[in-house]
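Chemist: After the structure tokens below, expect a handful of questions from me.
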Amino acid sequence: MTDAVLMCRPDHFGIEYEINPWMHIAVKVDHALAEEQWNALYRKYLELGVRVELAPPVSGLPDMVFTANAAVLWDDRAVLSNFHHAERQGEEAHWREELERLGFDVHELPRSLSFEGAGDALFLGDRLFCGYGFRTDRESHRPVARILEVDVVSLELVDPRFYHLDTCFCPLDATNVLAAPDAFAPDSMRLIRELVPNLIEVPVDVAAGFACNAMPLGQHLLSSLTISQMDAPLKAAGYTPIPLPMGEFLKAGGGVRCLSLPLGDGERGPARDAG
Ligand code: ARG
Numbered sequence: 321m322t323d324a325v326l327m328c329r330p331d332h333f334g335i336e337y338e339i340n341p342w343m344h345i346a347v348k349v350d351h352a353l354a355e356e357q358w359n360a361l362y363r364k365y366l367e368l369g370v371r372v373e374l375a376p377p378v379s380g381l382p383d384m385v386f387t388a389n390a391a392v393l394w395d396d397r398a399v400l401s402n403f404h405h406a407e408r409q410g411e412e413a414h415w416r417e418e419l420e421r422l423g424f425d426v427h428e429l430p431r432s433l434s435f436e437g438a439g440d441a442l443f444l445g446d447r448l449f450c451g452y453g454f455r456t457d458r459e460s461h462r463p464v465a466r467i468l469e470v471d472v473v474s475l476e477l478v479d480p481r482f483y484h485l486d487t488c489f490c491p492l493d494a495t496n497v498l499a500a501p502d503a504f505a506p507d508s509m510r511l512i513r514e515l516v517p518n519l520i521e522v523p524v525d526v527a528a529g530f531a532c533n534a535m536p537l538g539q540h541l542l543s544s545l546t547i548s549q550m551d552a553p554l555k556a557a558g559y560t561p562i563p564l565p566m567g568e569f570l571k572a573g574g575g576v577r578c579l580s581l582p583l584g585d586g587e588r589g590p591a592r593d594a595g
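Reading the sequence shown from the start, the letters are residues 321 to 595 in the working numbering.
Have a look at this one:
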């Protein structure tokens with residue numbers, strides 16, 4: 321189980337631009353509520369024995385709160401994100417600095433390739449599943465796999481609401497995966513069915529509440545409120561959902577998983593102990 325996560329306080333969080341269909345500048349963020357929701361997640365991690373590293377928030381970079389997009393990590397290696405939109409590219413230097421502080425060996429991809437870190441790259445066992453179609457270029461998958469020395473599976477995302485892989489696909493362990501079939505191209509969905517031992521299918525309206533944007537911790541599954549609708553299949557797989565209100569972050573197109581970059585894995589590591 322992940323024993324540490326990287327988070328970033330929502331001090332400068334807001335909707336200042338629109339780079340996904342959830343974001344509307346006209347819809348204001350309730351700052352006090354965002355802080356409350358972020359703190360509830362932070363406290364839940366501490367309560368479950370997870371160490372939380374905090375990246376310093378930077379003014380003018382409202383999406384830095386979504387630490388999942390900093391990089392993809394494996395053992396002591398990090399592949400830094402090349403953000404697709406100019407609006408988030410200012411984060412890259414800060415993430416490099418933060419990951420180096422945590423002891424990672426930070427690698428970069430050629431500037432021409434877009435890649436958005438753990439938001440689009442999730443491990444099922446030691447195989448890396450990478451999304452493409454909106455933020456991450458398919459051509460980035462091979463160089464990422466080469467740097468991390470892992471096998472990669474490329475999955476095509478087709479619904480703009482599910483623009484990052486972590487909005488519609490969540491490995492719970494080496495066997496169980498939560499996924500929303502409607503978010504994937506038919507060939508990619510076939511591949512998922514072939515490779516995933518136990519697929520827990522999430523209806524598209526439940527996924528649209530960011531239920532798949534979840535963090536498994538032992539037998540717990542931290543997610544947004546709609547995860548309650550997946551109670552029965554999750555319990556059958558041995559998981560207890562922990563629903564957390566994420567409304568203010570949903571306005572930016574993010575939920576629990578986007579707010580958390582797992583830094584370590586107790587069994588075999590994506591990432592070493594940074595303590
Ligand atoms: N507003 C952010 C963006 O569009 C949200 C990022 C969500 N992160 C994630 N890992 N899905 O880039």
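All C-beta atoms, glycine included, are put in the ideal place defined by N, C-alpha and C. Nothing here was measured: the structure is a model prediction, and the numbers come from that model.
#1: What would DSSP say about M384, mapped onto helix, strand or coil?
#2: Helix, strand or coil for P501 per DSSP?
#3: If you draw a straight line from the C-alpha of N518 to the C-alpha of N496, how long is it?
#4: Under 7 Å from any heavy atom of the ligand ARG, does the C-beta of F386 make it?
#5: By the three-class DSSP mapping on this structure, what secondary structure does G573 have?
#6: To the nearest whole angstrom, what separates the beta carbons of A287 and H427, a pair I think is in contact under 8 Å?
#7: Could you give the uninterrupted runs of the alpha helix (DSSP H) lying entirely in the region 441-486, keeping only those of 4 residues or more?
#8: Exposed or buried, which one is V347 when buried takes at least 16 other CB atoms within 10 Å?
#9: Excluding the five sequence neighbours on either side, which residues of its own chain have a C-beta within less than 7 Å of the C-beta of Q409, listed in chain order?
#10: I want to check one thing, is the minimum distance from the CB of M343 to the heavy atoms of the ligand ARG below 7 Å?
#11: Using only CA atoms, which one of E436, L537, P565, A552 lies nearest to M321?
#12: Indicate, with yes or no, if the ligand ARG has a heavy atom lying under 7 Å from the CB of T456.
#13: Verify the contact flag: A557, CB atom, against every heavy atom of the ligand ARG, threshold strictly below 7 Å.
Modeler: The relevant details are as follows:
#1: coil
#2: helix
#3: 5 Å
#4: yes
#5: coil
#6: Lying outside 321 to 595, the shown extent of the chain, residue 287 is not represented and no answer is given.
#7: 461-468
#8: exposed
#9: F403
#10: yes
#11: L537
#12: no
#13: no
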